[in-house]
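K.L.:
Residue numbering for the sequence shown follows the numbering used here, starting at 12 and increasing by one per position. The structure follows.
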Amino acid sequence: MKLTMKPMSLHNFADELNEIMPVLIREFSRRNSEELYKGKITLPQFLVMGFINGRGQAKMTDAARFMSVSTAAMTGIVNRMVRDGLVARLYDLKDRRVINIKLTPKGTALVKKIKEQRRAAIIKVFGMISEKERGDYLKIITRIHSILTNDKEFTGE
C-alpha cells in the first residue's frame with residue numbers, strides 16, 4: 012500500500028479510504044476475541060451487548076433504535092443471545108409490553124473479555140506510531156464520530 016502525501020481530490024480520498032477501511036476492520040477483528048472472529052457471536056450481537064453494558068439494562072425499543080433496526084429484527088438478535096445465555100429479558104411489571112434486556116454474568120464476562128482484547132490490540136498497533144500521530148488520529152476520529160452521531164444528514168433526524 013502506498014501512502015500519497017500530495018493533495019488529492021475528495022473522490023480520490025474516498026477511493027483510497029474505501030480500499031483501506033475493510034482491511035483495517037478485518038485485521039482488527041482478526042486480532043480480537045475468538046468469539047467475534049470465529050462466529051461464536053455476531054458483530055450486531057456484540058454491539059447490542061456493549062449498548063446494554065453501558066446502561067445496565069435497556070429497553071428493546073432503545074436497542075433497536077441504537078442499531079437502526081426494527082423491533083422485530085432486534086427480537087431475533089436478542090432471541091439468539093437469550094438462547095446462548097448472554098442476555099435475559101426483564102418484563103415491566105406495570106406494562107408487559109415494555110421489555111428490558113440485561114446482560115447475564117456470562118454476557119458481562121464476554122463483553123469484558125472482548126474489550127480487554129480490543130484494548131490490547133489497539134495498544135500493540137498504536138504503540139508503533141508516535142504520540143503525535145496518535146493524538147492527530149484521535150482528534151480526527153473524534154471529529155468523524157461527532158459528525159456521524161450529531162449531524163442530521165447522518166442521523167436521519
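A virtual CB, placed ideally from N, CA and C, is assigned to each residue, including glycine.
Just to confirm, are Ile112 and Ala84 a CB contact at a threshold of 8 Å?
P.N.:
Going by C-beta atoms, Ile112 is not nearer than 8 Å to Ala84.
K.L.:
With distances taken from CA atoms, which of Ala25, Leu54, Phe24 and Asn23 is nearest Arg37?
P.N.:
Minimum Cα distance to Arg37 is reached at Leu54.
K.L.:
Roughly how many angstroms separate the alpha carbons of Leu114 and Val93, rounded to a whole number?
P.N.:
Computed Cα separation, rounded: 9 Å.
K.L.:
Which one or two residues does DSSP pair with Tyr102 in a beta bridge?
P.N.:
According to DSSP, Tyr102 bridges with Ile110.
K.L.:
Ser157 lies in the alpha helix (DSSP H); which residues open and close that run?
P.N.:
Run containing Ser157: Glu142 to Asn161, per the alpha helix (DSSP H) assignment.
K.L.:
Tell me whether Gly65 is buried or exposed, calling it buried when 16 or more other Cβ atoms sit within 10 Å of its Cβ.
P.N.:
Exposed: under 16 other Cβ atoms inside 10 Å.
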